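Colleague: One structure, pasted below without further comment.
Numbering (the numbering used here), first residue to last: 453 to 500.
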């Protein structure tokens, strides 16, 4: 989907593939989800 092989993705954090300008909002939304709160419907853009 992102244009990377599985070997290129192994050992990488999801945040490593998120565009730098979207990283803070993505990490906030992930933390909310892990804390059991519903998502806000945010959009992530990824490097490829």
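Backbone N, C-alpha and C fix where the C-beta goes; we use that ideal spot for every residue, glycine too. This one's a predicted model, so the numbers in the text were calculated from it and none came from an experiment.
Closest by CA to residue 496, which one among 486, 480 and 457?
Modeller: Closest option to residue 496, Cα to Cα, is 480.
Colleague: Give the straight-line distance between the Cα atoms of residue 459 and residue 498, rounded to the nearest whole angstrom.
Modeller: When rounded, the distance between both Cα atoms is 18 Å.
Colleague: Alpha carbon to alpha carbon, how far is residue 462 from residue 485? Give it in angstroms, no decimals.
Modeller: Rounded to the nearest angstrom, the two C-alpha atoms are 23 Å apart.
Colleague: Are the Cβ atoms of residue 489 and residue 455 separated by less than 9 Å?
Modeller: No, Cβ-Cβ distance for residue 489 and residue 455 is not below 9 Å.
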